[in-house]
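Engineer:
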Amino acid sequence: MTTKPEEILQYARDAMDSSGGAGPALWARCSALLTRQALETALDDFWQQQAPDVEHASRHSQLLCLGSYLGDDQLAARVAHAWSSLSDACHYHSYGLAPTAGQLTGWIETVDEFATCCRGASNTTQTPGLMIGDGLGDRSAEAGTKRSNHDDGPIST
96 MTTKPEEILQ
106 YARDAMDSSG
116 GAGPALWARC
126 SALLTRQALE
136 TALDDFWQQQ
146 APDVEHASRH
156 SQLLCLGSYL
166 GDDQLAARVA
176 HAWSSLSDAC
186 HYHSYGLAPT
196 AGQLTGWIET
206 VDEFATCCRG
216 ASNTTQTPGL
226 MIGDGLGDRS
236 AEAGTKRSNH
246 DDGPIST
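Numbering-wise, our numbering comes out as the position in the sequence shown, counting from 1, plus 95.
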């Protein structure tokens with residue numbers, strides 16, 4: 096059984112609200128981990144609906160493609176920033192501080208907005224203007240030529 100991103104985010108909020116006597120670094124990292132898990136679950140759901148092959152790419156690659164498929168470059172940039180920040184917050188470093196409640200709240204809001212957007216997009220499938228893979232989109236098919244990785248000119252078909 097898969098847990099929905101919204102449910103995981105509620106666990107993250109609960110961890111922030113009730114630290115249960117644990118130190119601030121512990122609940123902050125717990126909340127960051129849950130928020131990152133919610134984001135990754137939402138990303139997996141998004142890619143399964145929009146472009147199933149992309150879900151097998153690295154997270155970094157998925158986040159680079161997100162703006163094209165999502166249709167909202169600002170939200171895609173905030174999601175990428177949240178994922179990067181949450182990844183840093185999930186790893187303990189003796190020289191690093193745990194994230195603050197304000198930072199966590201902002202990341203949770205971004206993930207919640209993305210998850211809500213994904214639910215709304217589940218009924219439609221977008222195709223970005225540029226096809227993933229060749230960097231040419233469908234221009235090479237229109238011209239009837241193929242591009243070689245070793246040559247700058249077209250190769251006749």
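Here a beta-carbon is modelled for each residue, glycine too, at the ideal position from N, C-alpha and C.
#1: In three-state DSSP terms, what is tyrosine 187?
#2: Would DSSP call leucine 104 helix, strand or coil?
#3: Roughly how many angstroms separate the alpha carbons of arginine 131 and leucine 181, rounded to a whole number?
#4: So what's alanine 110 in DSSP terms, helix, strand or just coil?
#5: Could you check whether tryptophan 122 and alanine 133 sit closer than 7 Å to each other, using their CB atoms as the reference points?
#6: Roughly how many angstroms lie between the CA atoms of aspartate 207 and serine 126, to the nearest whole one?
#7: Beta-carbon separation of alanine 193 and arginine 124 under 7 Å?
#8: Helix, strand or coil for serine 153 per DSSP?
#9: Are the Cβ atoms of alanine 210 and glutamate 102 separated by less than 7 Å?
#10: With a threshold of 16 other CB atoms inside 10 Å of the CB of glycine 224, please say whether the residue is buried or exposed.
#11: Which same chain residues, not among the five before or five after alanine 171, have their C-beta less than 6 Å away from its C-beta?
#12: Taking the CB atoms as reference points, tell me whether leucine 129 and cysteine 185 lie closer together than 7 Å.
#13: Given alanine 175, which residues of its chain have a CB within under 6 Å of its CB, disregarding the five upstream and five downstream residues?
#14: Helix, strand or coil: which one does DSSP assign to leucine 165?
#15: In or out: alanine 137 buried (at least 16 other Cβ within 10 Å) or exposed?
Structural biologist: So, from the data block:
#1: Looking at tyrosine 187 - three-state DSSP - the assignment turns out to be coil, as it is neither helix nor strand.
#2: Three-state result, leucine 104: helix.
#3: Those two C-alpha atoms are separated by around 6 Å.
#4: The answer is helix: DSSP assigns alanine 110 an H, G or I state.
#5: Their beta carbons are not under 7 Å apart, which means alanine 133 does not touch tryptophan 122 by this criterion.
#6: Spanning the two alpha carbons is a distance of roughly 14 Å.
#7: Going by C-beta atoms, alanine 193 is nearer than 7 Å to arginine 124.
#8: Three-state result, serine 153: coil.
#9: Not closer than 7 Å, so no.
#10: Only weak support exists for where glycine 224 lies, its pLDDT of 45 falling under 50; the value from the coordinates is given anyway. Exposed is the call here.
#11: Leu161, Gly162 and Leu165.
#12: The Cβ atoms of leucine 129 and cysteine 185 lie no closer than 7 Å to each other.
#13: Within the same chain, Cβ atoms closer than 6 Å to the Cβ of alanine 175 are found at Leu158, the five residues on either side in sequence being excluded.
#14: Here leucine 165 sits in helix by DSSP.
#15: Flag for alanine 137 reads buried.
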